[in-house]
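Reviewing the structure listed below.
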Amino acid sequence: MRSGPAADRPLRSVDLARLAGLSTQQIRNYEEAGVLPPAERTASGYRTFTDVHRQALTAYRTLVKGYGPVVAARIMRTLHAGDVPAALALVDAAHAALHEERGALRATGEALAALGPAPPVPAQTRREAGEPPPAPRSGLRIGEVAALLGVRTSALRVWEAAGLLSPTRQRGTGYRVFGPADVRDARVVDSLRRGRYLFRQIRPVLDGLRREGGGEPLRAALTARGEALTARTHAMLEGAGAFHGYLARVTAAGTTTGSTADGPGPSPR
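With the working numbering applied, the sequence shown corresponds to residues 22 to 290, in that order.
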């Protein structure tokens, strides 16, 4: 948005809208939502804005790029309600959430790397697991999977109870039947448990494998997600800078609510 020698003159809704490339209705909506401080009214009831509103709008639209419209609006609304610490706490919470997401992404990548290549499976076992050529049976029983992995059947049941495995049940008998994907998931869980990974750390790896269809696609997805988080971090830093500049102006005016020509202040009804 532009500023210049005439920045201090009163602005109509249409003037502010043109500066921002928005519609006048959007400007009204932003003021009513608290994204902008309250505008003064002329004798005929028309809104009048100032350069403070222009800067508030710039801060909000810059915040949106990194924080999203919901959080950005909440930050601005909280500031205009006069609660600066709460507005800053919202900024802190957004950065903490991003940090947590980045940590989870890193843990998933480390867990995936810890898996290593899958061990070769004998042709007979591949046939029993339902892989090509067409298997003579639909899958493996729990005891067969336990023997294949070298674990106890009780471990497989615990993993299933934790929601990490979901084998089908044989109609009539109720026996568990592990298809190829179930066997793969069991191998992943076994490998990561041996590396002392917790269930909550294993679950995202399994979810990613199921969603992406394999280790390499998941690695590519993790890389893309990491790049997206980095871009978001840059956007959040830019937004925080714009918000800091607006906050400094608001704080210098001595209040955080309402609107006057020099800065936020009480507004007539």
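Note that the Cβ used here is the ideal one computed from N, Cα and C, for glycine as well.
Straight-line gap, residue i to residue j (C-alpha atoms, nearest Å)
i	j	result
S187	E181	6 Å
E233	D113	33 Å
L227	D206	7 Å
T272	Q47	26 Å
A183	V91	34 Å
A252	G87	9 Å
G260	D211	44 Å
A94	D72	19 Å
E122	H255	15 Å
E52	P58	6 Å
E149	I163	Because the pLDDT at E149 is just 48, under 50, the model does not fix this residue reliably, and the value given afterwards should be weighed accordingly. E149 and I163: Cα-Cα distance of roughly 13 Å.
G229	G247	14 Å
A168	P106	59 Å
V179	L111	39 Å
V204	A245	28 Å
M257	V209	36 Å
A241	A108	37 Å
R62	A115	35 Å
P201	R127	28 Å
Assigned exposure category for residue i - 16 Cβ within 10 Å defines buried
i	result
A134	exposed
R215	exposed
P238	exposed
A80	buried
R30	exposed
Q76	buried
H74	buried
L19	Since the first residue shown for the chain is 22 and the last is 290, residue 19 is missing from the structure and cannot be characterised.
G193	exposed
R217	exposed
G262	exposed
P141	Note that P141 scores 45 on pLDDT, short of 50, meaning its location in the model is unreliable; the coordinates nonetheless yield the value given after this. It is exposed - the Cβ of P141 has fewer than 16 other Cβ atoms within 10 Å.
A38	buried
R68	buried
Y267	buried
G89	exposed
R197	buried
G160	buried
P132	For the record, residue 132 in the displayed sequence is Ala; it is not Pro. Burial call: buried.
H101	buried
G235	exposed
L219	exposed
A269	exposed
Residues bridged to residue i [DSSP beta-bridge criterion]
i	result
R62	R68
L119	Answer is none; L119 lacks a bridge partner.
L133	The partner list for L133 (beta bridge, DSSP) is empty, contrary to what the question assumes.
L161	F199
L109	Beta-bridge pairing links L109 to no other residue.
L32	F70
Nearest-angstrom beta carbon gap, residue j and residue i [assumed within contact, 8 Å]
i	j	result
I96	F199	With a Cβ gap of about 49 Å, I96 and F199 do not count as contacting.
A117	P225	Actually they do not touch by this definition, with Cβ atoms about 19 Å apart.
R49	S65	The pair is not a contact, with the Cβ atoms about 16 Å apart (cut-off 8 Å).
A55	R82	Going by the sequence as given, residue 55 is Gly instead of Ala. Not really, about 15 Å apart at Cβ, beyond 8 Å.
L84	A41	L84 to A41, Cβ: 14 Å. No contact.
L170	I223	With 8 Å as the limit, L170 and I223 do not qualify as a contact, their Cβ atoms being about 15 Å apart.
L250	G130	With a Cβ gap of about 12 Å, L250 and G130 do not count as contacting.
F70	L32	4 Å
Which runs of the alpha helix (DSSP H), 4 residues or longer, sit entirely within the stretch 183-245?
201-215, 220-233
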